[in-house]
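K.L.:
Residue numbers (our numbering): 240 to 413.
To start, I am sharing the structure in question, which I have written as C-alpha cells.
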C-alpha cells in the first residue's frame with residue numbers, strides 16, 4: 240500500500256522498550272529494528288504502529304515482516320488489515336498495550352525535554368497514565384520528578400534509571 244508509514248515499534252514483552260520511531264523516508268522504507276539482547280527462545284511481543292492513508296473497504300496489505308537472528312531468517316509474515324466503514328472496537332489487550340506504550344513515551348519525552356515546564360507537564364501526564372494502570376508507586380515517582388522540574392531541577396541520572404526500569408515492567412502486565 241502506497242503511503243503506509245511505520246510510526247513506532249514498542250517491545251511489550253519481555254520488558255517494555257521503545258525500539259523505533261522512524262521519520263521521513265525511513266518510515267516508508269524497509270526498516271530494521273533490533274529487539275535487544277534476548278536469550279534464545281525468549282517470547283517477544285511487539286506493538287507495531289502504522290499510519291495508513293484512507294483506503295476503500297476491503298483487504299489491505301500493510302507491511303511485510305521478517306524475523307532474523309545472527310543473519311538467519313527465522314520467520315516472515317505479512318501484516319494485513321480489513322478496511323470497513325465502521326471499525327470494530329480494539330481488543331482490551333491492544334488498548335492496554337497502546338496505553339502503556341504511550342505512558343513510557345511521555346516519560347521518555349519528559350526526561351529529554353529542554354524546557355522545565357514542558358518536562359513537568361509531560362511527567363504529570365505520564366503519572367496520570369501510571370495511576371490508570373494501578374502503578375501508584377511509579378505515578379508518585381513521576382509526580383515527584385514533575386515537581387522537581389517545576390522548581391528548576393534537572394532529572395538526576397539515578398532518577399532516570401529508576402523510572403526507566405520501573406516503566407519496563409509495564410510490558411510484563413499488559
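We put the beta carbon where it would ideally sit given N, CA and C, even for glycine.
Residue 377 and residue 364 look like a contact to me (Cβ under 8 Å); what is the Cβ gap, rounded to whole Å?
P.N.:
The residue labelled residue 377 in the question sits at position 138 within the chain shown. The residue labelled residue 364 in the question sits at position 125 within the chain shown. Between residue 364 and residue 377 the Cβ distance is about 13 Å, and since that is not below 8 Å, they are no contact.
K.L.:
Can you tell me which of 367, 372, 391 puts its alpha carbon nearest to the alpha carbon of residue 382?
P.N.:
In the chain shown, residue 382 corresponds to position 143, counting from 1. Closest option to residue 382, Cα to Cα, is 367.
K.L.:
For residue 247, I'd like the list of residues in its chain whose CB is within less than 6 Å of its CB, leaving aside the five on either flank, ordered along the chain.
P.N.:
Here residue 247 refers to the residue found at position 8 of the chain shown. Counting only Cβ-Cβ distances below 6 Å, and skipping sequence neighbours, we find 260, 288.
K.L.:
Would the beta-carbon of residue 336 fall within 7 Å of that of residue 286?
P.N.:
Your numbering for residue 336 matches position 97 in the chain shown. Your numbering for residue 286 matches position 47 in the chain shown. For residue 336 and residue 286, yes; Cβs fall inside 7 Å.
K.L.:
If you drop the 5 nearest sequence neighbours on each side, which residues of the same chain put their C-beta closer than 6 Å to that of residue 249?
P.N.:
Residue numbering aside, residue 249 sits at position 10 when the chain shown is read from its first letter. Taken in chain order, the residues that qualify are 257, 286, 340.
K.L.:
Are residue 282 and residue 322 closer than 7 Å when you measure CB to CB?
P.N.:
Position 43 of the chain shown, counted from the first residue, corresponds to residue 282. Position 83 of the chain shown, counted from the first residue, corresponds to residue 322. Not in contact: residue 282 and residue 322 (Cβ atoms no closer than 7 Å).
K.L.:
Do the CB positions of residue 314 and residue 301 come within less than 7 Å of each other?
P.N.:
On the chain shown, position 75 is the one that residue 314 refers to. On the chain shown, position 62 is the one that residue 301 refers to. For residue 314 and residue 301, no; Cβs fall outside 7 Å.
K.L.:
Taking residue 318 and residue 304 to be in contact with their CB atoms under 8 Å, please state how far apart those CB atoms are, rounded to whole angstroms.
P.N.:
Indexing the chain shown from 1 puts residue 318 at position 79. Indexing the chain shown from 1 puts residue 304 at position 65. Right, their Cβ atoms sit about 6 Å apart.
K.L.:
Terminal residues of the continuous beta strand (DSSP E) containing residue 244?
P.N.:
The residue labelled residue 244 in the question sits at position 5 within the chain shown. Start and end: 244–252.
K.L.:
Report the three-state DSSP secondary structure of residue 388 (helix, strand or coil).
P.N.:
Looking up residue 388 in the chain shown gives position 149. Three-state DSSP puts residue 388 in a helix.
K.L.:
Exposed or buried, residue 350, counting other C-beta atoms within 10 Å across all chains shown (16 or more means buried)?
P.N.:
Along the chain shown, one-based indexing puts residue 350 at 111. Burial call: buried.
K.L.:
List the DSSP bridge partners of residue 289.
P.N.:
Taking the chain shown and counting its residues from 1, one reaches residue 289 at position 50. Answer is 245.
K.L.:
Using the C-alpha atoms, what's the distance from residue 358 back to residue 347?
P.N.:
The sequence position of residue 347 within the chain shown is 108, counting from 1. The sequence position of residue 358 within the chain shown is 119, counting from 1. Rounded to the nearest angstrom, the two C-alpha atoms are 10 Å apart.
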